[in-house]
Structure formats: C-alpha cells, structure tokens
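Inspection log for the structure reproduced underneath, given as structure tokens.
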Amino acid sequence: MTAILRPLEPADRTAWQPLWEAYQRFYDVVIPPETTDLTWARFHDPDEPMHALGAFDEDGRLIGIVHAIFHRSCWLPQWTCYLQDLYVEDIKRGLGTGAALIEAVAELARANGAGRLYWMTHETNAAARRLYDKIAERSGFIQYRKAL
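Residue numbers (the working numbering): 9 to 156.
Here you go:
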C-alpha cells in the first residue's frame, strides 16, 4: 500500500465529495446535501469529536476516506472511537488501503486516549468482512434501529 494517509482539510472537499457519494450509493442511501454540508463542517470544527482521514495515491488523488467519531461509554473509563464510514475506490480495493485507513483511525484513537475502536458493516458486504475478520474481533452484537 503506497497511499499517503492524512487528515482531510477544508480544501479537500471537492475530492472527498465523489467518494462520499459513492459510499452512499454502495449502501443505497441518500444523505441530504444540508446534512453533508454540516458533517463536512463538523470534521473541521475543533470542538466536534468527528474526524475525516483520506488516502491519497502517488499522484495526490484521493482514493479512500474514513470517518471517525469519539464518544463516551458506560463500559469504559476512556473514550471510545467509532469508525463510522470507510470507502475505497473500486479499482483500489484489495491493495491494503482499507486496512491502512483503519490503522490510521486506530492510531488517532490511541493518540486521543480511546480504549476501544469499533465499526459495523452490512452483513452482505462480504469483501469488507473478509478484511475485518483478519484485523479485528467480531463482537457478536446485532444492531437495531428505531427512527425518531
């Protein structure tokens, strides 16, 4: 994996947007533009516990993104880090970019005193699950949602 990993900066919005939209298409969701604008602003607000990292190829092109959110937990005294979104361009998958982005979030979590990093994926996302099964422990918990 030869990608350069770094936090995304406000100037990266134009490069981030197509990957964010591809991620939404992958999961067959549409996030309103206002929410996307708010999310992007939160990534760059030092008072928000949200972070966006990117993987850039040797030409400086953004090829992968990951978003992380820090929160408290009733189960740990330290912060917990939730890796919410991970997306790598189709043609760059299988080259270690996803694993490198996860490790970059793990480093960010350790640097911020987190005691746990966790994430979820859809049960049908077999390619991602193959990677995740190699680098992390599956918790066995099943997620439920209730619209509010």
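Ideal placement from N, C-alpha and C gives every residue a C-beta, glycine not left out. Predicted, not measured: the structure shown is a model, and the values here were computed from it.
Across which residues does DSSP place residue i in a beta bridge pair?
| i | result |
| --- | --- |
| I73 | G62, Y95 |
| A107 | Answer is none; A107 lacks a bridge partner. |
| T88 | H79, R124 |
| I12 | F64 |
Kindly give me the distance between the Cβ atoms of residue i and residue j, rounded to whole angstroms, as I take these residues to be in contact under 8 Å.
| i | j | result |
| --- | --- | --- |
| A135 | R101 | 7 Å |
| W24 | G72 | Not a contact, Cβ separation roughly 11 Å. |
Just the Cα atoms here: how many angstroms apart are residue i and residue j?
| i | j | result |
| --- | --- | --- |
| H75 | D67 | 22 Å |
| M128 | L94 | 10 Å |
| A49 | D20 | 12 Å |
| A114 | T105 | 14 Å |
| E17 | P41 | 19 Å |
| Q32 | P15 | 21 Å |
| L125 | N133 | 20 Å |
Taking 8 Å as the cut-off, decide whether the C-beta atoms of residue i and residue j are in contact.
| i | j | result |
| --- | --- | --- |
| I99 | F64 | no |
| H52 | L116 | no |
| F78 | P57 | yes |
| A107 | L139 | yes |
| Q86 | G123 | yes |
Taking 7 Å as the line, does the beta carbon of residue i fall inside it for any heavy atom of the ligand PLP?
| i | result |
| --- | --- |
| T22 | In the structure on display, the ligand PLP does not appear, and there are no ligands present to speak of. |
Notebook entry, point to check: If we count Cβ pairs, one from each stretch, closer than 8 Å, do we get three or more for the stretch 39-53 versus the stretch 85-97?
Noted result: Put simply, the stretch 39-53 does not touch the stretch 85-97. Fewer than three CB pairs are less than 8 Å apart.
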